[in-house]
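One structure is given here, and the rest of the page talks about it.
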Amino acid sequence: MVRMVRTVLVLAAFAVPLHMVAQGAITSPRTEFGSNFGDDYFLANYQQIAAYWARLDRESDRMVVQEIGRTAEGRPHLMAVVTSPENHRRLERYRDISRRLALAEGLTDQQAEELAREGKAVVWIDGGLHASETLGAQQLGEMVYQMVSRDDPETRRILDEVIILFVHANPDGNDIVADWYMRRSDPKQRTLSGIPRLYQKYIGHDNNRDFFASTQAETENINRVLYHQWSPQILYNHHQSGPAGTVVWSPPLRDPYNYNLDPGIVLGFQALGAAMHQRLATENKPGATMRSGGPYDGWWNGGIRNTAAFHNTIAMLTEMIGSPTPSRIPLVMQRQLPSADLAYPIAPQEWHFRQSVDYSVSLNRAVLDYAARMRENLLLNIYRMGRRSIERGSTDTWTPNPKRQAALTAKMATAQGASDGGRDLTNWNELRKPELRDPRGYVIPLNQPDVPTVTTFINALRETGIAVQRATRAFEVQGKSYPAGSYVVLTAQAFRPHVIDMFEPQVHPDVFPIPGGPPTPPYDNAGWTLAFQMGVQFDRILEGFTGPFEPITDWNIAPPAGTVTSPPGTTGYVTSRRVNNAFMAMNRLLKAGEQVTLMRAPLTSGSTTWPAGTIHV
C-alpha cells in the first residue's frame, strides 16, 4: 500500500515539494540484522530481506513491495517498486506509457513524443539470480535501503525521473546459500563450499538459460513483469565473478553482437557502459574492465538480460569479485597496463565484501543517473526500435549472414578487374535474392504429430510477450491449406528480434584472431533456435498475408484434449513416442506400478500401424 503525504506545509507562502520533506525514521540494515549488507562473514537470507523490505514499505512513501508470484519452493517472489511519492500516485499511468511506447502500435510519432515527455524511465535492477554469487542479493538490499533513506540531490532527481523495479531473482537460492554459509557460529569457519543441493529447485545455475523457454516459476514471474506489465527501457543484471586482477567486468560487450538486435541496443550498450565506467573512475574506484577484458559477447539468447535485449531493452550485466569471506586481488601483470578496455588498473590487495557492495551501488547509481538524465530519449528510443521492428516485418528484409558474405567475398577476390558500380550492384544483389528474405510470418499447423509440444512452444512465445494469433477456421497461404486452430506469428511486431531468433537458425561468424590459429569461441551457445529444439513444424511465409486469425490474449493456453480409444476386447494401450508427453505418461505409469514396454515389432490395429518402439501398456 502506498502511503501518501497529505499535509501541505506552508512556510513564507511557499509550498515545500514532497521530495524535499525528509523521510521519517528508516530502519538501517544494522538495526534490522545486527550487521550491514557487505559485512565480513555475514549473509542475509531471503526471509530476512523480505521482512526488511516489508518494514521499509511501512516506513517509506517511496517504496511499495509487490508479490509477482510464487517460487518453485513456494516462497513469495517479491519486487520493490521505488520512486517518488508523486510518481507512485500515477504509477499505473506511467506503466501504461512504458508499455505503449515499447509495443509501438497505434501511435503516431507525435503521440509517441508526447508520451515520452510525460512518462518516466523504467529501470529493472535485480540480484541473486545465481545464488552462489552471493553479492547480488546483498547489494540489492543495500541499494533499496539507500534509495528510500538518502535525500541528496541525485537521489531526489532519480526518484523524480525514474521508476525502479528492484527484483530478487532467486529467493529459494538465497535462503539455501545464505543458511548454508551462516550455519557455523564461528564466523571464520564459514564457507560456501559443499552446498548440498541445487539453489534453484530444478535447474540450478541454468536458471539463467531459461528466459526464452520460461519453464520455471521464477522465470515466468519475471517474464510477465518484463514483457506483459512494464517493458523497462533498461535492465541491469548482477553477476559474479570478475576477471582475475580486476574488480569488475562491465559492458560494453565484445563482438559479435547478434544480427537480429536493433542498432539502438548495440549503441545503447556502448553509451550506458561508458557511463558506468566513468562513474567508477570519478569515484576513484579502479579495476573495471570491458569488452576484451572478459569473454562476454552480445550473441546469445536465453539469459535474463539477453532475452530482454531482443525486446529492445538496453540490458546490461556486470561480473564482480567479492565474497563474505575476505579475499585477495592477485597480481596479473597484463592487467597492470592501462588500455582502452582497462583504463584504470587496480593494485593487488586484500578485498572485503563491503567494497564489492559499494562498487555495485556505484554502478547502480550510474545506471539510474543515466536513466534520469536520458529519460525522454530512452522512452522515445524504445518506441523507435519497436517501430523499426514493425516496419522490417512489413517489408522485404535480409538478416546479415557471415557464411554467405564470406562465400561472396571469396568469389569477388577471384573476379577480374577493378570494382565498379555495376559490379558492386551485382554482388549486392547476390545477398538480396528474394528466396533469402526474412519471413513476414510463420504458420504452425495444428495437424502435426506433437500438438502438446506445439502448445508449450506457443506458451513460451506468449510468456515473452510475443503476439500470436490462432486461425478460427481453415485457411490457405502460399497455395497450402491449414486447418482451423493453426497458429500464426507475424514478424511485424515490436519484439521482432526475438521472434526471428526463436524460429531462424543462428549463423555465428568465424572469429580467428590469428590466421591459421584457434578461433575465439562464443561465450555461450552459438545456436539455440527454440522451434528446432522442440521439434515444432512450421512454414516460413515470405510474403505478407492475412487470414481468419484472432489474437491469443492468454499466456498459458491448454493443448486440445487428447483421447483414449477402448474398443471391445481391448487388451492394452499404445501411444506414440513422437509425442513428448508420452514419456511423461510412461514415467507416471511406471511410478504407479504399471508394466510398460516398448514394442519390438510393428503392430497393426484397424487402419493404423504402430511402428517398433511404440509405448505399450
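This note's numbering puts the first residue of the sequence shown at 126, with every later residue one more than the last.
All C-beta atoms, glycine included, are put in the ideal place defined by N, C-alpha and C.
- request: Apply the 10 Å Cβ neighbour rule to M709 and answer buried if 16 or more other Cβ atoms are within range, or exposed otherwise.
  value: exposed
- prompt: Just curious, the beta strand (DSSP E) that P527 is in, first and last residue?
  reply: Element bounds for P527: not the beta strand (DSSP E) but the alpha helix (DSSP H), P527 to T539.
Assigned secondary structure, S310 (DSSP; H/G/I helix, E/B strand, else coil): coil
field: Euclidean distance between Cα positions of V350 and L533
entry: 44 Å
query: With C-beta atoms as the reference, is G738 less than 9 Å away from L723?
result: yes
- prompt: Which one or two residues does DSSP pair with I745 in a beta bridge?
  reply: Look at the range of the chain in this structure, 126 to 742, and you will see that residue 745 is not part of it.
- request: Determine the extent of the beta strand (DSSP E) in which H213 is found, giving its start and end residues.
  value: Run containing H213: none in the beta strand (DSSP E); it sits in the alpha helix (DSSP H), P210 to R214.
Nearest to D234 (by Cα), restricted to the options D186, I507, A400 and P376: I507
task: Using the Cα positions of I347 and V206, report the straight-line distance between them to the nearest angstrom.
output: 14 Å
- prompt: Closest by CA to T589, which one among F435, L323, L493 and E184?
  reply: F435
field: Segment contact flag, the region 410-426 with the region 271-278, C-beta cutoff 8 Å, min 3 pairs
entry: no
query: Grouping DSSP H, G and I as helix and E and B as strand, with all else coil, what is T739?
result: coil
field: Under the three-state DSSP convention, the category P357 falls into
entry: coil
- request: Give the range of the beta strand (DSSP E) segment to which Q594 is assigned.
  value: Q594 to A596
query: In three-state terms, what does DSSP make of L136?
result: Bear in mind that the predicted position of L136 carries a pLDDT of just 30, short of 50, making it unreliable; the figure below should be weighed with that in mind. In this structure, L136 counts as strand in the three-state DSSP scheme.
N362 beta carbon less than 9 Å from that of Y283: The amino acid occupying residue 283 in the given sequence is Ile; Tyr does not appear at that position. It is not a contact, given that the beta carbons lie outside the stated cut-off.
- prompt: CB-CB under 8 Å to W523, same chain, minus the five flanking residues each way: which ones, in chain order?
  reply: L556, R557, L561, R562 and D563
message: With three or more C-beta pairs closer than 8 Å as the rule, is the region 258-272 touching the region 475-486?
response: yes
- prompt: Thinking C-beta only, is N426 closer than 9 Å to H623?
  reply: yes
Whole-angstrom distance between F620 and D575, CA atom to CA atom: 27 Å
task: Please classify A137: is it buried, with 16 or more other beta-carbons within 10 angstroms of its beta-carbon, or exposed?
output: A caution first: A137 carries a pLDDT of 34, below 50, which makes its placement in the model too unreliable to give a value.
- request: Can you tell me which of the three DSSP states D422 falls into?
  value: strand
- prompt: Shortest alpha-carbon distance to G604 belongs to which of D679, D466 and R665?
  reply: R665
Status (buried if at least 16 other CB within 10 Å, exposed otherwise) for M445: buried
Three-state secondary structure assigned by DSSP to W178: helix
field: Proximity to S153 [Cα-Cα], best of R460, L181 and Q365
entry: L181
message: Does the structure place the region 680-700 close enough to the region 632-640 that three or more beta carbon pairs sit under 8 Å?
response: no
query: Exposed or buried, what is E719 when buried is set at 16 or more other beta-carbons lying within 10 Å of its beta-carbon?
result: exposed
Beta-carbon gap between K326 and E286 smaller than 9 Å: no
message: Among the candidates G642, P736 and V372, whose CA atom is the shortest distance from the CA of H477?
response: V372
- request: Kindly list the residues whose CB is nearer than 6 Å to the CB of W680, restricted to its own chain and excluding five residues on each side of it in sequence; keep chain order.
  value: R587 and E588
field: Beta-carbon proximity list for A726, same chain, < 6 Å, skipping 5 on both sides
entry: A737
- prompt: For F158, which option in S185, T432, D466 and Y177 has the closest C-alpha, if you only look at C-alpha atoms?
  reply: Y177
field: Other residues of its chain near P451: CB distance less than 8 Å, five sequence neighbours each side excluded
entry: D165, E475, W476, H477 and F478
field: Supposed contact pair Q573 and I677 - C-beta distance, whole angstroms, cut 8 Å
entry: Actually they are not in contact, since the Cβ atoms of I677 and Q573 sit about 18 Å apart, beyond 8 Å.
- request: Answer with buried or exposed for R453, where buried requires no fewer than 16 other C-beta atoms within 10 angstroms of its C-beta.
  value: exposed
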